[in-house]
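A quick write-up on the structure given underneath.
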Amino acid sequence: MTPFYSVRMRASRQSTHISGAERLTSHTEDIPGIATSLVTRGFTHELGTPDSLTLTCEQVASPPRLLDPLAVQEHAGPECIPELLSGLPESGWEVVTSPETMRGAALIDIATGRRVEPNHERGVRVTHMDWAELTHGVQAKATKDHFREALVLATKTLSCPGIVAELCVSDDTSYTTGYIARDGVYHRIPRIAPGARGGRAFFVDLTQASVEQIIAYLEHEPVLVRTPPPQPTSLTDELHSRNKTWRSSGLSRSEHVFTTGQDTECIVDGKNYTLFSSSNYLGLATHPEVVRASTDALHRYGAGSGGSRLTTGTTHLHTRLEEELASWLGYPECVLFATGYQANVGLLQSLGELSPTFYSDAANHASLIDGLSLARRKGATMHVYAHGGVPEKVSGRLPLVVTDGLFSMGGDIADLPGLHDCGAPLIVDDAHGLGTLGDTGRGAAELTGVRPEILVGTLSKAFGSEGGFVCCDKELGMYLRNHARSYVYSTALSAGVVAASLTALRLIQESDVVAILHSNIEYARTALDASKAGPMTPIIPVTIGDERNAVRVADFLREHGVWAPAMRYPTVPRGEAIIRVTVSAAHTHSQIDRLAELLRTATTPRR
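If you read the sequence shown in full-length UniProt numbering, its first letter stands for residue 1, the second for the next number, and so on.
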């Protein structure tokens, strides 16, 4: 196999880096010309003449990987940065915009926000990369093409296991365009530099790869990047390019069509399945009393509400449901929204106008992350703490701690006692915990004995209906009804949905449906060999790891009549794909036994 060589130039003056560049080639006859061009570039840099220039040529250890370039998205200015960095530690931005000179890149642990590279002064270098088109017959340019070189580096960086995003703020005073690379997209951002300093930060997930593995890949794994296709000339071309990138990463998904209700035996895409993926935890979505209540309300009020809650969308059923939810959960006020997503976004967006300081769990639901992103645009500050942990320190203006109660993918429960001890008000989204946790189904708060100041819930999970709500005090309730845009400007829930929720709430309070669910959860955990440590929840993640292997297991289950899809990135972190099993009060032991048998068959290594 023809060997490849790396030709690198590094120029400095008084130990301060001035210029650097690299080319890969498999043609030894090109090396002298490449070397001349790189030396010329080093001695003609706008920062001045170096007093030291190092030129190295070495054979790379293995053939280069061939990668497609990241999709490119142009932005008007730095206003997009908070949204693009949403959910990532703020320490990354602080590092790259600090007055200290950065030589290499910083590695930022997304769980803790700390720098984890072994040598902070040196940082981490990214080497052994080039455009595939330049490996023969084309001499290196004596001037720097910032964009093309940055795109190669970002493409290699995001291909590295364990790296979830990159932030680059240019330290070149004449070039103020930087970028954020994330989720397969290179976001090009003009006027990114807040000053003369700049730097580079890689956000890393150390559950996917170790620091040593990440550094070894960045500094030693050779990579060639294919020439990017011509820039799209229409919206359709742009969308085609993005969709192609998404598909080639194995991340494309599509809907599956149900022609029955959310029963444990259902029809999906025209075939019969036993359903183990629905959030209809108590089986109330098709309960005769719930369906009858909805039908009766539809006959009386019609199919639609006709407007928002502040115009024509409030019936006595809406106010009654708010009153009964508030009473059941022990709050002075309850504000009903059209969905749980809208409840979270509306709550956090409106609180953002008060410029609070949010502390958010690293694994919070997308609706919380999006709400916090909107809040930051309004003036809020956000800090991310390690999943399942507590913030090291809570301070700032109006501090608020935000967390899921029962996390929807891992089935784990937030440390509400520990978060409560931080001393800041708690905002808990217990969408999956209400109706499933605690002796009476009052959720994570009942289970842990900690009552959050603000509780968000949904009616689309255990209640088997639709809608979301915020339980709080009277002042916040009034504030939300006037400032939460998803409440003020969105059409209200139909009376049929509200009536169904009222009946579901009564059944949760008066029947033994919650106890039946708890019994089924215990049986399923035993059958699936799930760990019995921690609380019993209806969400049982079967860890697979590799995305393609998870799809294979899910396909095997489908072939044998069980519907339990794989959960892949971006729903869960890369390399942590799962089969997400959800248990219902309506499942039978024989259904659970069959699922367990099929999973054992599908996940047992072949000999």
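Beta carbons: idealized from backbone N, C-alpha and C, even for Gly.
So residue i is in the alpha helix (DSSP H); what residue range does that whole segment cover?
i: E322; result: H316 to L329
i: L595; result: H589 to T603
i: V72; result: Premise fails: V72 lies in the beta strand (DSSP E), A71 to E74, not in any alpha helix (DSSP H).
i: Y301; result: P288 to Y301
i: N520; result: V513 to A527
i: S96; result: For clarity, residue 96 is Val in the given sequence; the question names Ser instead. Segment S91 to V96, the alpha helix (DSSP H) holding V96.
i: M478; result: K474 to H483
i: D370; result: A366 to K378
i: R41; result: I31 to F43
i: R226; result: Per DSSP, R226 belongs to no alpha helix (DSSP H) and is neither H nor E.
i: E446; result: A444 to T448
i: F147; result: H146 to S159
Do you know offhand how far residue i's Cα is from residue j's?
i: T264; j: T458; result: 21 Å
i: G20; j: S37; result: 12 Å
i: E74; j: H187; result: 6 Å
i: G261; j: A285; result: 8 Å
i: L88; j: C80; result: 14 Å
i: T319; j: A495; result: 11 Å
i: V138; j: E22; result: Any answer about V138 is weak, because its pLDDT of 46 lies below 50 and its placement is not dependable; what the coordinates show is given next. Rounded to whole angstroms, V138 to E22 spans 14 Å at the Cα level.
i: R13; j: L55; result: 15 Å
i: V7; j: R247; result: 34 Å
i: E322; j: R594; result: 41 Å
i: G388; j: P573; result: 15 Å
i: V60; j: G162; result: 23 Å
i: residue 608; j: C57; result: No statement about residue 608 is possible, as the shown extent of the chain runs from 1 to 607 and does not include it.
i: residue 612; j: L476; result: No information on residue 612 is available, as it lies outside the stretch 1 to 607 that the chain covers here.
i: residue 608; j: A444; result: Since the displayed the chain opens at 1 and closes at 607, residue 608 lies outside it and no answer follows.
i: H420; j: T381; result: 20 Å
i: V394; j: C422; result: 7 Å
i: A140; j: G33; result: Caution applies to A140, whose pLDDT of 45 falls short of 50 and renders its modelled position unreliable; the value that the coordinates give is listed next. Taking the straight line from one Cα to the other gives about 8 Å.
i: T44; j: T177; result: 21 Å
i: I180; j: T207; result: 22 Å
i: V124; j: E166; result: 13 Å
Round the Cβ separation of residue i and residue j to the nearest angstrom and send it over; I've been treating them as touching at under 8 Å.
i: A343; j: C334; result: Not confirmed; about 11 Å, so no contact.
i: T25; j: I31; result: 7 Å
i: F276; j: T582; result: 6 Å
i: G467; j: L493; result: 5 Å
i: V497; j: L310; result: Their Cβ separation, rounded to whole angstroms, is 18 Å, which puts V497 and L310 out of contact at 8 Å.
i: T312; j: G306; result: 4 Å
i: V257; j: W563; result: Wrong, their Cβ atoms sit about 12 Å apart, outside the cutoff.
i: G435; j: I508; result: 6 Å
i: A431; j: L517; result: No, A431 and L517 are not in contact; Cβ-Cβ is about 16 Å, not under 8 Å.
i: A499; j: D296; result: 7 Å
i: G464; j: H287; result: 7 Å
i: G379; j: G352; result: 6 Å
Tell me the residue span of the beta strand (DSSP E) that contains residue i.
i: R580; result: A577 to T582
i: D555; result: No beta strand (DSSP E) contains D555, which is instead part of the alpha helix (DSSP H) from E547 to E559.
i: F337; result: E333 to F337
i: Q342; result: Premise fails: Q342 lies in the alpha helix (DSSP H), G340 to G352, not in any beta strand (DSSP E).
i: D130; result: M129 to W131
i: H383; result: T381 to Y385
i: R65; result: R65 to L67
i: V428; result: L426 to D429
In the DSSP output, which residue or residues are listed as bridge partners for residue i?
i: N272; result: I267
i: Q14; result: Answer by DSSP bridge pairing: none, since Q14 is not bridged.
i: E166; result: A181 and F202
i: Q59; result: Y5
i: P399; result: T357
i: F469; result: L336 and G457
i: W246; result: Answer is none; W246 lacks a bridge partner.
i: V562; result: T274
i: D109; result: V204
Do residue j and residue i count as a contact pair if the criterion is CB distance below 9 Å?
i: P82; j: S373; result: yes
i: V514; j: G405; result: no
i: F337; j: V470; result: yes
i: residue 626; j: S279; result: In the structure as shown, the chain starts at 1 and stops at 607, and residue 626 therefore has no counterpart that could be examined.
i: R568; j: R253; result: yes
i: E392; j: P425; result: no
i: E117; j: A132; result: no
i: A375; j: P356; result: yes
i: G411; j: P538; result: yes
i: A524; j: A550; result: no
i: L329; j: L151; result: no
i: T97; j: G184; result: no
i: E90; j: V542; result: no
i: S360; j: T403; result: yes
Regarding residue i and the ligand MN, is the C-beta to nearest heavy atom distance less than 8 Å?
i: F202; result: For the structure depicted, the ligand MN is absent and the ligand set is empty, with no information on it obtainable.
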